[in-house]
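Have a look at the structure below, then the notes.
Numbering (the numbering used here), first residue to last: 4 to 437.
Below, the structure is given as C-alpha cells:
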C-alpha cells in the first residue's frame, strides 16, 4: 500500500524523503490507533493486575511486589534495549513483545487460584521488560516511518492516542473488573495487545534506516558493554535529558502516591471524586499537547527540542506542586489542565529530540531514558510512601518536583550557552591578510 509519493523497500512502502508535505503516511495512523488500543490495554492491565495481586496475596504487599517487579523488568530491559533494538528486526520485536504480553495475560486468566502468585510475579518482570522494549523499538522507528522532518507531528499523534487510551483505561478498569471479573479484564488486555501486534505485523512502513550492501547489518555499538556511558559522554545533551527524566520520574511517583492522600484529607466524604476529576482534567490537557506543538511550532517550520523540553518539565512540575496547595476547585482544575498540557508537551519534545540521534544509537538513547524513568519511579514510590508518613503531601511533592525544576533551569542555561558559543565563531570578523 502506498501513500502519495513513496519508495518501496522490499515489500515495505515508505514515505519519500524528498517530498515536502505536512501529511503523515496513512498507514502511520493505523499504527497510532493500534498503539492507542495497546495503551488502553496497558492502563487496564496496570489497574486490573494491581487489584489482582492485592486479592491474590491478601494484602498491600502483593500489589507492591507486582509493581516493583514490573519496574525492575522495565529497568533491565532499558539497559539492554539499545543493543537489542540495534541488532534485531524492530517490527518483529514489537510484534513479539505484544504477543508475549497477550500470552501471559491469557495464562493468568486461566491459571488456578492457588497458582496465581507464583505465575503473576515472574510475569510482572516479563510485562515490564516487554513493554519497555516495544516502546523503545517504536520510538526508534518513527523517523524512518514518517521521515525525519515529520517526527514532531507523528509523536504528537501518538501522544494524543495514548492520552485518550489512558482516560478510557482508568475510567473502565474498575467498572470492568467489578462487572465482569478479573478474567474478562485480563482477556480484554490480551486482545488489545493482539490488535497492536497484528497492526505492526502488517504495517507497510520501514522501521530502520536504509543501508547499502556494505552496511546491511547494524554496526557494532561503540563502547561495547559500556555503550551507554560512551553515548552520554559524546552526547552530553542527551545525558542531561536522561538525568532530568530520572528525577522527574521520582516526582511523578511522589504525586501519584500523594494525590490519594491529599484527596482523602481534603474531601474525606468522597476522595475518589477529587482524584478522578484531577486525572480526567489532566488527560484533557495532555490531549491538547499535540495541538499546542502543531500550532506553535510545526506550522512555523520548527520542532520542539531541548528548550521546549526544559520549559515543559519546569511547568509540569510547578503545576503538580500547586495542585497540593489547597486551591479552590476552579484553580485546582486549571492547574490539573496545565499539568497535563505540559506533560504531553514535554513527552513530544524529548522524544522528538532523541529521535534526531543517528539510527544506530537511537535505541541506546531511548533505552537509557526508559531505565532512568523506571529507576526514578521505583525509588520514588518506595521513598515517597515512607515520607508521607512523616510529612505532608505538599512537602514531599514540593521537594520531589523542585529538583527537576532546578535541573531544567540549569539545562536551559547550558543549552543557551552552547548555542551562543556555536554562533560566536561565525560572528567573529575574519582578520585581513598582511
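Glycine residues also receive a C-beta, built at the ideal position from the N, C-alpha and C atoms.
- Task: Go ahead and label residue 6 buried or exposed: buried means 16 or more other beta carbons lie within 10 angstroms of its beta carbon, across all protein chains shown.
- Result: Annotation note: pLDDT 40 at residue 6 (below 50); position unreliable, no value reported.
Alpha-carbon spacing of residue 261 relative to residue 154, whole angstroms: 35 angstroms
message = For residue 324 and residue 104, what's the separation of their Cα atoms in angstroms?
response = 35 angstroms
### Task
Would you grab the beta carbon distance between residue 320 and residue 263 for me? Rounded to a whole angstrom, and I think it's under 8 angstroms.
Actually they do not touch by this definition, with Cβ atoms about 19 angstroms apart.
Item to check | alpha helix (DSSP H) runs wholly inside the stretch 256-313, at least 4 long, in chain order | outcome: 274-290 and 292-299
Review point. Who are the near neighbours of residue 55 in its chain, counting only those whose CB is closer than 6 angstroms to its CB and skipping five residues on each side?
Key: 185
message: In chain order, what are the residue ranges of uninterrupted alpha helix (DSSP H) at least 4 long that sit wholly in the stretch 113-197?
response: 119-149
Mind checking whether residue 362 and residue 147 have CB atoms under 8 angstroms apart? yes
Review point. Residue 196 to residue 310, Cα distance in whole Å?
Key: Residue 196 and residue 310 have their C-alpha atoms some 35 angstroms from each other.
Quiz item: In whole angstroms, what is the alpha-carbon distance linking residue 136 and residue 203?
Solution: 14 angstroms
Hey, residue 292 and residue 249 are a contact pair by Cβ (cut 8 angstroms); roughly how many whole angstroms apart? Not really, about 22 angstroms apart at Cβ, beyond 8 angstroms.
request  = Please classify residue 361: does DSSP put it in a helix, a strand, or coil?
outcome  = In the three-state reduction of the DSSP assignment, residue 361 falls in the coil class, being assigned neither a helical nor a strand state.
request  = Express the C-alpha separation of residue 387 and residue 242 in angstroms, rounding to a whole number.
outcome  = 25 angstroms
Within 10 Å of its beta-carbon, does residue 145 have 16 or more other beta-carbons around it, so buried, or fewer, so exposed?
buried
Count the CB pairs spanning the stretch 174-188 and the stretch 30-41 that are closer than 8 angstroms, and state whether there are at least three. no
- Validate contact between the stretch 112-130 and the stretch 349-357 using beta carbons, cut 8 angstroms, 3 pairs: no
- Exposure of residue 346, with buried meaning 16 or more beta-carbon neighbours within 10 Å: buried
Discussion item. Looking at residue 208: is its Cβ nearer than 8 angstroms to the Cβ of residue 30?
Written reply: In this structure, residue 30 lies closer than 8 angstroms to residue 208 by Cβ.
State whether the stretch 70-90 contacts the stretch 369-386, with contact taken as three or more CB pairs (one from each stretch) at a distance under 8 angstroms. yes
Quiz prompt | For residue 399 and residue 24, the rounded distance between their alpha carbons | solution = In this prediction, residue 24 has a pLDDT of 48, which is less than 50 and means its spatial position is unreliable; what the coordinates show is noted afterwards. Answer to the nearest angstrom: the Cα atoms are 47 angstroms apart.
Using beta carbons (cut-off 8 angstroms, strictly below), is residue 283 in contact with chain C? As a matter of chain content, chain C is missing from the structure shown, which is built from one protein chain.
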